[in-house]
Amino acid sequence: MANDADAVDDALLAAVQETVRDVVAAEVVPRWRQLTAADVVEKHGPHDLVTTADRRAEEALTERLPALLPGSVVVGEEAVAADPSRLELLRGDAPVWVVDPVDGTSAFVRGDKGFSTLVSLVRGGLPVASWTYAPLLGLFATAGRGRGAYLDGERLRTAGAREPLRIWISNPVFRDEEERAALERLEAAGVETVPCTTSAGLGYLEVARGIADGVAFFWEAPWDHSAGLLLVSEAGGASLTPTGEPFRVAGGNRLPFTVARDEATARRVVRTLGVGFTEDSADAGNAGNSADAGREGGAR
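Everything in the sequence shown is counted per my numbering, starting at 2 for the first residue and increasing by one.
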């Protein structure tokens with residue numbers, strides 16, 4: 002269970018928000034639509050890019066965030082690309098800042114506004130605070146465990162019951178045959194699938210705002226999910242994997258998983274995706290994680 006030592010006070014929430022704004026204003030926004038060929042590098046192919054903005058913003062956040070919480074460490078997307086062993090920090094005892102300096106780099110490179118900067122604070126493998134900033138959309142969402150989720154100071158709530166379900170899905174260039182088949186099952190079940198931005202953080206925000214009923218994800222990079230999982234959880238939503246368990250930031254999840262407006266909707270989406278999910282696995286997952294169901298990734 003989270004305890005007083007896990008709590009994030011107003012001062013820290015505000016300090017991190019100011020830090021994120023400052024870094025994005027200095028390192029990201031000035032480079033939007035100003036990138037040169039030398040500023041963009043392929044990591045693993047044409048759809049996996051890193052830019053000077055990603056690197057400079059992560060470097061600045063890596064320097065500044067630990068100063069706000071002595072003893073904390075940083076797991077950033079670009080640092081892990083250089084040294085995958087840094088992911089082990091998520092299983093350690095120190096508080097961890099999980100950073101995605103530009104979530105939606107492909108959109109950023111194209112000159113689209115649909116990108117964000119994601120920061121979360123993780124303790125014991127559980128997100129306890131998160132910051133989601135989309136500067137060119139004018140959106141800044143924050144969440145603290147047990148404190149609620151907010152967008153520019155207004156409390157966020159996930160959507161109530163409605164039909165048909167509207168589920169955001171990832172960019173089609175990343176899908177393999179099994180993923181396409183799973184999404185076809187959703188559509189055959191009468192679920193409306195909506196291609197979303199390449200920013201996972203903005204997909205989570207759409208669920209927390211009640212615009213989307215859920216998002217289907219086929220990958221588990223912690224910097225894409227940690228901030229959004231807490232945001233949706235604190236807005237009333239849930240995450241679920243095919244094993245019947247909430248998503249774990251530290252990894253080892255069976256995929257695909259969903260984050261949705263509530264636990265019943267998450268169950269329905271994962272069942273319809275049809276990749277290894279059974280009611281038995283859901284019951285076992287819930288029984289084995291009853292103490293953590295409201296914490297680990299946000300199931301309620």
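In this text, a Cβ means the ideal position worked out from N, Cα and C, and glycines have one as well.
Euclidean distance between Cα positions of residue i and residue j
i    : j    : result
L184 : R167 : 13 Å
L274 : D214 : 15 Å
E188 : T194 : 7 Å
P71  : E78  : 21 Å
R272 : E221 : 19 Å
N290 : K44  : The predicted position of N290 is uncertain, since its pLDDT is 34 and thus under 50; a value taken from the coordinates is nonetheless stated next. Looking at the two C-alpha atoms, the distance is approximately 37 Å.
E60  : L122 : 17 Å
A236 : T53  : 34 Å
E179 : T259 : 16 Å
I170 : V21  : 27 Å
R210 : P165 : 17 Å
E19  : K114 : 21 Å
R181 : F219 : 11 Å
G191 : V270 : 11 Å
L256 : P243 : 7 Å
G261 : I212 : According to the sequence provided, residue 261 is Ala. The question's Gly does not apply to it. If I take the Cα positions, the gap works out to 11 Å.
R268 : L232 : 19 Å
F248 : A265 : 15 Å
A217 : R156 : 24 Å
G252 : P223 : 7 Å
P67  : D23  : 16 Å
P47  : N254 : 26 Å
D94  : R124 : 7 Å
R57  : D11  : 27 Å
V17  : D49  : 28 Å
A80  : D55  : 11 Å
G112 : P196 : 18 Å
R225 : P85  : Contrary to the premise, residue 225 reads as Asp rather than Arg in this sequence. Each residue's alpha carbon lies about 16 Å from the other.
W98  : R186 : 37 Å
G154 : S234 : 17 Å
R148 : A39  : 43 Å
A150 : L36  : 34 Å
A27  : D177 : 37 Å
A82  : R92  : 18 Å
Distance CB(residue i)-CB(residue j) smaller than 8 Å
i    : j    : result
L230 : P128 : yes
R87  : V76  : yes
P136 : V29  : yes
V100 : L90  : no
D263 : G238 : yes
V208 : Y134 : no
A142 : L206 : yes
V250 : G145 : no
V9   : L62  : no
L69  : L13  : yes
Rounded distance between the beta-carbons of residue j and residue i, thought under 8 Å
i    : j    : result
L152 : L138 : Actually they do not touch by this definition, with Cβ atoms about 11 Å apart.
S227 : S131 : 7 Å
V110 : V41  : 6 Å
Proximity test, Cβ basis, 8 Å: residue i and chain C
i   : result
D84 : Structure shown: chain C not included; a single protein chain is present.
Q: Please specify which runs of the beta strand (DSSP E), each continuous and at least 3 residues long, are wholly inside the region 177-232, giving them in chain order.
A: Considered as a whole, the region 177-232 harbours 193-196 and 215-218 as its complete beta strand (DSSP E) runs of no fewer than 3 residues, in chain order.
Q. Looking at C-beta atoms only, is the number of pairs between the region 94-111 and the region 189-204 that lie closer than 8 Å three or more?
A. Judged by Cβ distances under 8 Å, the region 94-111 makes contact with the region 189-204, as three or more pairs qualify.
Q.
So, does the region 158-167 touch the region 22-37, judging by three or more C-beta pairs under 8 Å?
A. Segments in contact, no.
Q) Taking the runs of the alpha helix (DSSP H) that are 4 residues or longer, which of them lie wholly in the region 68-146? A) If we require 4 residues or more, the alpha helix (DSSP H) runs fully inside the region 68-146 come out as 78-83 and 106-111.
Q: Any chance you could list the beta strand (DSSP E) runs of at least 3 consecutive residues sitting entirely within the region 11-59, in chain order?
A: If we require 3 residues or more, the beta strand (DSSP E) runs fully inside the region 11-59 come out as 41-46 and 49-52.
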